[in-house]
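Per the working numbering, residue 37 is the first one in the sequence shown, and the count goes up by one each step. Just so you know, even glycine gets a beta-carbon here, dropped at the ideal spot from N, CA and C. Working notes for the structure below.
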Amino acid sequence: MTARKKLFVKTYGCQMNVYDSERMAEALGASGYDQVAAPEDADMILLNTCHIREKAAEKVYSELGRLKPLREANPDLKIGVAGCVAQAEGEEIMRRQPMVDLVVGPQTYHRLPRMMEAVGRGEKALDTDFPEEDKFAHLPKARLPKRGPTAFLTVQEGCDKFCSFCVVPYTRGAEVSRPVDRLLREARELVERGVREITLLGQNVNAYHGSGLDGAEWGLAQLIWEMAEIDGLDRIRFTTSHPNDMDDALIEAHGTCDKLMPYLHLPVQAGSDRILKAMNRKHTAESYVRLIERIRAARPDLVLSGDFIVGFPGETEEDFQATLDLVAEVGYGTAYSFKYSARPGTPASERAMVDPAEADDRLQRLQALLTEQQRATQDAMVGRTVKVLFEKPGRMDGQITGKSDYLHAVHVDGPADLIGEIAPVEIVESRPNSLAGRLVG
Ligand code: 5AD
Ligand code: SF4
37 MTARKKLFVK
47 TYGCQMNVYD
57 SERMAEALGA
67 SGYDQVAAPE
77 DADMILLNTC
87 HIREKAAEKV
97 YSELGRLKPL
107 REANPDLKIG
117 VAGCVAQAEG
127 EEIMRRQPMV
137 DLVVGPQTYH
147 RLPRMMEAVG
157 RGEKALDTDF
167 PEEDKFAHLP
177 KARLPKRGPT
187 AFLTVQEGCD
197 KFCSFCVVPY
207 TRGAEVSRPV
217 DRLLREAREL
227 VERGVREITL
237 LGQNVNAYHG
247 SGLDGAEWGL
257 AQLIWEMAEI
267 DGLDRIRFTT
277 SHPNDMDDAL
287 IEAHGTCDKL
297 MPYLHLPVQA
307 GSDRILKAMN
317 RKHTAESYVR
327 LIERIRAARP
337 DLVLSGDFIV
347 GFPGETEEDF
357 QATLDLVAEV
367 GYGTAYSFKY
377 SARPGTPASE
387 RAMVDPAEAD
397 DRLQRLQALL
407 TEQQRATQDA
417 MVGRTVKVLF
427 EKPGRMDGQI
437 TGKSDYLHAV
447 HVDGPADLIG
457 EIAPVEIVES
467 RPNSLAGRLV
477 G
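Put into structure tokens, the structure is as follows:
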């Protein structure tokens, strides 16, 4: 029997990468690797990269530069680059950093074990195809250990929307939905391993249209209703969505499906119709606001989250004001805001940039407003009793921490055996990024 080897995975970017990293680690588990927490201890280092904003490729090259001494100290150390930078840069990675043994794009993780065999023979392995088959269905699995109470499950990948600023359609490819039966099987497996909450992931998850149990095409709402039938699965979330794919069935599910949590991430990106058009968003500010009204009519206590980009090419002060107006009108419980960053290969990257100092200033003003709204949403929780799924011990002795239905982090004094359980908590204090509460009953 050969000794087991050690794998260190570093994940950048979105939750989909977190999910992919878990799947890759499981697949490599079957090839004899156990995960470790420090790169110094590893026989194999895998960087799972993100290309969405900023100098993503440069960051990967400098990270590789930092790994160089480890490789020099241990020539047997294998180094791999996965994810969206791998997809975008391909062979260039090995040209610029010859110590890299393996480059694998996001759609070919199921070929990892075979690639690792080649790497084991001292060869280089590169695969950035967009194959037809479902990579997750072909991933080998090692032993499946118990795991924490929350999990991600990728149900859809890729994007056909082509927002003019975004690399996702190029790095992750066209929209593909995984079939319902496989997703149910995977969800049941997760529940058997201790999971109580599943977040369904997709770059454009509400455009989900997988093959259903009856052979017909199912939308996301149908998938959610079927998942909700799983005993022991108590909470369902999904992220991230496009306003144009928020169909009636999904809106209704927010009002009627108890297991679907009252939190929705629905990016709008900007509040000016001129900019929305230039972004190729295919909706207006007005249609977005009306949509939010309908969703809130279905689920009045829903906490809304969004993404914003400031300084998109051509954005004037007036356009930016329209974004502030929209935020003021809609009201977000939490939000992510970014300064526009030109991504090579996207249509917007060919247009003239807004003055960077101006863009910085807008980002600060937008963030000030969003932070205020986040505070207000949190403060309004004080005095209410919410359900918390406890995930782990808190930072203080005797504390445990978890998430409320509304996805707020909540700390309480309580016994560690509540970890993995859902319990009612009365919120007593709102802190900068979390809530403090006490167990009820
Ligand atoms: N520049 C800035 N932000 C971007 N995002 C996507 N592409 C860019 C870009 N080129 C943001 C969008 C998206 C989130 C995941 O990242 O707001 O919703
Ligand atoms: Fe990118 Fe737009 Fe697709 Fe979201 S909907 S992944 S922003 S192209």
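Cα-Cα, which of the options is closest to residue i?
i	options	result
D294	R335, I328, P303	R335
G381	Y206, R40, E108	Y206
E99	Q51, L82, M389	L82
D250	M282, W261, D217	D217
V464	D70, G477, V448, I455	V448
G158	P134, T47, F166	P134
S470	L399, Q123, G369	G369
R326	Q143, I455, N280	N280
Q71	I115, L226, F44	F44
E457	V191, I311, V227, A412	V227
P392	E351, R411, G430	E351
P303	S213, E353, A333, V241	V241
K160	G184, R330, G126, K171	G126
M282	M52, I311, R332	R332
Q192	K95, C120, V424, L219	L219
L312	Y97, A384, L338	A384
Can you grab the Cα-Cα spacing for the pair residue i / residue j, in whole Å?
i	j	result
S373	A39	47 Å
A388	D397	18 Å
H252	E233	Inspection of the sequence shows that residue 252 is occupied by Ala rather than by His. The straight-line gap from Cα to Cα measures roughly 27 Å.
S323	D77	53 Å
D267	G65	29 Å
P189	R224	One point to set straight first is that residue 189 is Leu, not Pro, in the sequence displayed. Distance between the alpha carbons of L189 and R224 is about 11 Å.
A73	D137	21 Å
C50	H87	10 Å
E108	W261	53 Å
M297	D343	19 Å
P111	D79	10 Å
A358	V204	26 Å
D163	Q123	9 Å
L454	A445	16 Å
I328	V366	8 Å
R467	D415	8 Å
K439	E169	35 Å
R317	R59	32 Å
R271	Q143	28 Å
A412	G248	41 Å
A264	G430	29 Å
Q258	K104	49 Å
P12	T437	Examination of residue 12 is not possible in this model, given that the chain is present from 37 through 477 alone.
P460	L475	6 Å
H146	L362	43 Å
A195	M432	Checking the displayed sequence, the identity of residue 195 turns out to be Cys instead of Ala. In a straight line, the C-alpha of C195 is about 42 Å away from that of M432.
G246	V212	8 Å
Checking 7 Å against the spacing of the C-beta atoms, do residue i and residue j come in under that value?
i	j	result
H290	S341	no
I345	Q409	no
G230	K182	yes
L148	A61	no
V418	D441	no
L443	Y244	no
G255	A285	yes
L237	Y55	yes
A371	L406	yes
T320	D309	yes
S277	R89	no
Is residue i close to the ligand SF4? I mean its beta-carbon at under 6 Å from any heavy atom of the ligand.
i	result
V204	yes
K197	yes
H278	yes
Does at least one heavy atom of the ligand 5AD sit under 6 Å from the Cβ of residue i?
i	result
R89	yes
R420	no
P429	no
Y324	no
D56	no
I345	yes
F356	no
F374	yes
R317	no
P142	no
F274	no
F201	yes
For the ligand NAD, is there a heavy atom less than 6 Å away from the beta-carbon of residue i?
i	result
N240	No copy of the ligand NAD appears in this structure; the ligands present are the ligand 5AD and the ligand SF4.
Hey, which unbroken runs of the alpha helix (DSSP H) at 4 residues or more fall wholly within the region 362-399? None, since the region 362-399 contains no complete alpha helix (DSSP H) of that length.
Mind listing, in chain order, the continuous beta strand (DSSP E) runs of no fewer than 3 residues lying wholly within the region 134-213? If we require 3 residues or more, the beta strand (DSSP E) runs fully inside the region 134-213 come out as 138-140, 161-163, 186-190.
Which whole runs of the alpha helix (DSSP H) in the region 290-314 are 4 residues long or more, in chain order? DSSP runs (the alpha helix (DSSP H)) wholly in the region 290-314: 309-314.
Taking only runs of the beta strand (DSSP E) that begin and end inside the region 421-477, which ones reach a length of at least 3 residues, in chain order? Fully enclosed beta strand (DSSP E) runs of 3 or longer: 421-429, 435-440, 445-449, 458-466, 471-475.
I'd like the ranges of any alpha helix (DSSP H) spanning at least 4 consecutive residues and lying wholly in the region 206-253. Restricting attention to alpha helix (DSSP H) runs no shorter than 4 residues, the region 206-253 encloses them at 216-228, ordered along the chain.
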